[in-house]
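Enquirer:
Chains as they are written, first to last, in our numbering: chain W, 1 to 337; chain E, 1001 to 1337.
1. What ranges does the alpha helix (DSSP H) occupy inside the stretch 83-127 of chain W, keeping only unbroken runs of at least 4 residues that lie completely in it?
2. Does the stretch 150-170 of chain W come into contact with the stretch 40-48 of chain W, if we say contact requires no fewer than three beta-carbon pairs (one atom in each stretch) closer than 8 Å?
3. Output needed in chain order: residues of the stretch 153-170 of chain W with a Cβ under 7 Å from some Cβ in chain E.
4. Should residue 92 of chain W and residue 1026 of chain E be called a contact, given that it needs their Cβ atoms to be closer than 9 Å?
5. So with Cβ pairs under 9 Å, would you call residue 83 of chain W a contact of chain E?
6. Is it true that the CB of residue 123 of chain W sits closer than 9 Å to the CB of residue 30 of chain W?
7. For a contact meaning CB atoms closer than 8 Å, what does residue 1126 of chain E contact in chain W?
8. Counting only beta-carbon separations shorter than 9 Å, does residue 92 of chain W have a partner in chain A?
9. What distance in whole Å lies between the Cβ atoms of residue 292 of chain W and residue 259 of chain W, which are believed to be in contact at a cut-off of 8 Å?
10. One question on the structure: do residue 64 of chain W and residue 221 of chain W come within less than 9 Å of each other, judged by their Cβ atoms?
11. Determine, for residue 1192 of chain E, whether the minimum Cβ-Cβ distance to residues of chain W falls below 9 Å.
12. Can you have a look at residue 984 of chain E and say buried or exposed, based on whether 16 or more other CB atoms are within 10 angstroms of its CB?
13. If you draw a straight line from the C-alpha of residue 1227 of chain E to the C-alpha of residue 24 of chain W, how long is it?
14. Taking the straight line between their C-alpha atoms, what separation do you get for residue 1159 of chain E and residue 1242 of chain E?
15. From E:1140, E:1211, E:1040 and E:1101, pick the residue whose C-alpha is nearest to that of residue 1326 of chain E; which is it?
16. Based on the DSSP secondary-structure assignment, which residues constitute the bridge partners of residue 1047 of chain E?
17. Measure from the alpha carbon of residue 1082 of chain E to the alpha carbon of each residue in E:1018, E:1275, E:1202 and E:1249, then state which is nearest.
18. Please confirm whether residue 1053 of chain E and residue 1104 of chain E have their CB atoms less than 9 Å apart.
19. Under the rule that 16 or more other beta-carbon atoms within 10 Å means buried, what is residue 1066 of chain E, buried or exposed?
20. Give me the Cα-Cα distance between residue 1257 of chain E and residue 1332 of chain E, rounded to the nearest whole angstrom.
21. With a threshold of 16 other CB atoms inside 10 Å of the CB of residue 1268 of chain E, please say whether the residue is buried or exposed.
22. Whose CA, out of W:154, W:281 and W:314, lies closest to the CA of residue 245 of chain W?
23. Measuring only the C-alpha atoms, how far is residue 11 of chain W from residue 1309 of chain E?
24. Output yes or no for whether 9 Å exceeds the beta carbon distance between residue 61 of chain W and residue 38 of chain W.
25. Near residue 1078 of chain E, what residues of its chain come up, given a Cβ to Cβ distance below 6 Å and the 5 sequence neighbours on each side ignored?
26. If you measure from the beta carbon of residue 286 of chain W to each beta carbon in chain E, is any gap under 9 Å?
27. Given this structure, state the Cα-to-Cα distance separating residue 322 of chain W from residue 299 of chain W, to the nearest angstrom.
28. Could you check what DSSP says for residue 1333 of chain E in three-state terms: helix, strand or coil?
29. Going along chain W in order, which residues have a C-beta closer than 8 Å to the C-beta of residue 1096 of chain E?
30. For residue 205 of chain W, is the classification buried or exposed, using 16 other Cβ atoms within 10 angstroms of its Cβ as the cut-off for buried?
31. Is it the case that the Cβ atoms of residue 328 of chain W and residue 68 of chain W are separated by a distance below 9 Å?
32. Nearest to residue 59 of chain W by CA position, among W:191, W:305, W:287 and W:272, is which residue?
33. Using a C-beta to C-beta distance shorter than 8 Å, which residues of chain W count as neighbours of residue 1030 of chain E?
34. Tell me whether the beta-carbon of residue 1152 of chain E lies closer than 9 Å to the beta-carbon of residue 127 of chain W.
35. Starting from the N-terminal side, write out each stretch of the alpha helix (DSSP H) that is 4 residues or longer and does not extend beyond the stretch 1169-1223 of chain E.
36. Show which residues of chain E have a CB atom less than 7 Å away from the CB atom of residue 134 of chain W.
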């Protein structure tokens, strides 16, 4: 994990001032709420350094772009834009999922109420466009179109996520489609934006997008595992959190579809609607494991990373840059937060 | 009112196919919900022609652009984009305000739930950018930047609206700032986009934006009056709807600030928190009227229209086009829906 950490730190540092400049364009109320969410201040505006995201997406823009010959300054607008879209989706996600904490701090909706959370999310989505549209890069228009498409796919993934809550017959391929949207689209466009802003040819741009999409799928698989067995002190999520809400995550759906008797028992449990106790949650997690869902998700995440790395072959990247992108991909499957 | 109706019909007809094409890019679930909201189908997807918006914003893009020499086909992307941003804000507004009906039909959140309403709104905002970013116009980038700024102002207005609900000391100038954002920004950018896409000089672009902003403020003043005294069979809003929620609209705030004894009585009533009965609502509406808030709002709307028309002077517009823009401005103060 630590091998990629310095690169992530560098990525965050490179975009920090531009991200702050972008957020400073917002009106006072919206800026306060956005800055709080980003870990820059308390709810009363007092400056702090609170835990925030890892910055995987902006780092991916920077690494992909530099690998294809761009200077960091040509990439910052793209990196800031994906970080803003990511945070737009987090704020709306927290609201929709009624998650009251993120990084051990109350979420925007739980501090300022639902309407404000809707609006702050809207403001960050709009701001992402503003940042990219304001870039002097000759590739800015092309980058904006790529971000538009990815945002549409991201929203599609979230719509499926909400729709699946009401269904008991979700298939693994539907789950994969959801993850491709929810997580794959934005990581895909992160790598793609790097390539676009580097003025790379279409074949490289496509390859980098695929790289990011596969990393995104691996990321989501690990996220699903952490949502069942994760360490709450590190992720800020309680153990069994996704099971508590009987969420149809990939390891769970795989277990139901392919897991024999334990899978059947799991399916029966998923169809129940009472509030599950600790014992029931432990039992359900055990069923996912025994049905093979845990092992499958771990292997599948590895496979996705291998596919991601394979797409980098033949692009003629400098070994140093290629190694960076490889490390970033491996980081997401080795992370424990 | 009817003088502008044919122009509005023409505007809607001109953008209809492009708007449908844009919405068709959405995934199945999101497209269904968006199409329902736009009055194109029932919740099960059955096609209908349900009442929908008047299309003032796209018509304004078209009229402003044609007045400055653009062909309609050069303006359609801008017209579709503002209509999408408008509908994004309606869907999120209905959710935030808990309005269960629009145009006599259940709103998106009341049919599909809060999370889906958040997502459909997000999807339309993103789609607006996609439409504009996909335009081959040499002015598309400039148009996108104008729309970004206006969207930020729109969200600012909505943030103020939410913040005002928790305050009892809202001033008229704050109210005007909110209306400038909530309604002025998008009408302002509608006229501005027409000018930008026509390749007009900056002075014309600024003048057209001002025209749209002033029309927007007039529009909101009339909306505030309709929110108190409007005809429910036409607007779909019950009489006294804004009073029922003790909303600090412009005529109300004016009455409190300038309305002597009736204004004081109104202020006292606004500070109460019980559910008001019909008698109390009638009394409150009467107080707004006697305090002069109704008359002020009517006159102020007229003044704003006059200012809007004045900004068109000196642009050298062809009389036919200028007359169209004048009619559109007058339409918004004469409308009763």
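For glycine and all other residues, C-beta sits at the position ideal for the given N, C-alpha and C.
This structure is a prediction, so every number in the text was calculated from the model and none was measured.
Expert: Quick look at the numbers:
1. With a minimum length of 4 residues, the continuous alpha helix (DSSP H) runs that stay inside the stretch 83-127 of chain W are 108-112.
2. Here the stretch 150-170 of chain W does not lie against the stretch 40-48 of chain W, with fewer than 3 beta-carbon pairs under 8 Å apart.
3. If the cut-off is 7 Å between Cβ atoms, the stretch 153-170 of chain W has 155, 156, 158, 159, 162 and 163 near chain E.
4. No, they are not a contact pair.
5. Closer than 9 Å: no.
6. Between residue 30 of chain W and residue 123 of chain W, the gap from beta carbon to beta carbon is short of 9 Å.
7. Using a Cβ-Cβ cut-off of 8 Å, residue 1126 of chain E is close to 125, 148, 151, 152 and 155 of chain W, given in chain order.
8. Going by chain labels, chain A is absent from the structure shown, which instead holds the protein chains W and E.
9. Yes, residue 259 of chain W and residue 292 of chain W are in contact; Cβ-Cβ is about 6 Å, under 8 Å.
10. Contact: no.
11. Put simply, the CB of residue 1192 of chain E is far from chain W, with every gap to its CB atoms at 9 Å or more.
12. Outside the displayed range of chain E (1001 to 1337) lies residue 984 of chain E, so it cannot be described from this structure.
13. The alpha-carbon atoms of residue 1227 of chain E and residue 24 of chain W are separated by roughly 35 Å.
14. Counting only the Cα atoms, residue 1242 of chain E lies some 18 Å from residue 1159 of chain E.
15. When only C-alpha atoms are compared, the closest one is E:1211.
16. BP columns for residue 1047 of chain E point to E:1041.
17. Looking at the Cα atoms, E:1018 is the closest of the given residues.
18. At the C-beta level, residue 1053 of chain E and residue 1104 of chain E stay beyond 9 Å of one another.
19. So residue 1066 of chain E ends up on the buried side.
20. The alpha-carbon atoms of residue 1257 of chain E and residue 1332 of chain E are separated by roughly 26 Å.
21. With fewer than 16 neighbouring CB atoms inside 10 Å of its own CB, residue 1268 of chain E falls in the exposed class.
22. Of W:154, W:281 and W:314, the smallest CA-CA separation from residue 245 of chain W is found for W:281.
23. Cα-Cα distance, rounded: 51 Å.
24. Contact flag unset, no.
25. Excluding sequence neighbours, residue 1078 of chain E sits near 1061, 1143, 1193 and 1197.
26. Cβ-Cβ to chain E under 9 Å: no for residue 286 of chain W.
27. Per the coordinates, the alpha-carbon of residue 322 of chain W lies some 23 Å from the alpha-carbon of residue 299 of chain W.
28. Residue 1333 of chain E carries a helical assignment under DSSP once its states are collapsed to helix, strand and coil.
29. Taking a Cβ-Cβ cut-off of 8 Å, the neighbours of residue 1096 of chain E in chain W comprise 114, 115, 118 and 119, given in sequence order.
30. Counting C-beta atoms within 10 angstroms of its own C-beta, residue 205 of chain W has 16 or more neighbours from the protein chains shown and is therefore classed as buried.
31. No, these two residues do not count as a Cβ contact at 9 Å.
32. Cα-wise, what sits closest to residue 59 of chain W is W:191.
33. At a C-beta separation below 8 Å, residue 1030 of chain E has these neighbours in chain W: 155, 156 and 159.
34. Here residue 1152 of chain E is near residue 127 of chain W, since their CB atoms are less than 9 Å apart.
35. Runs found: 1172-1179 and 1185-1197.
36. Within chain E, 1145 have C-beta atoms less than 7 Å from the C-beta of residue 134 of chain W, given in sequence order.
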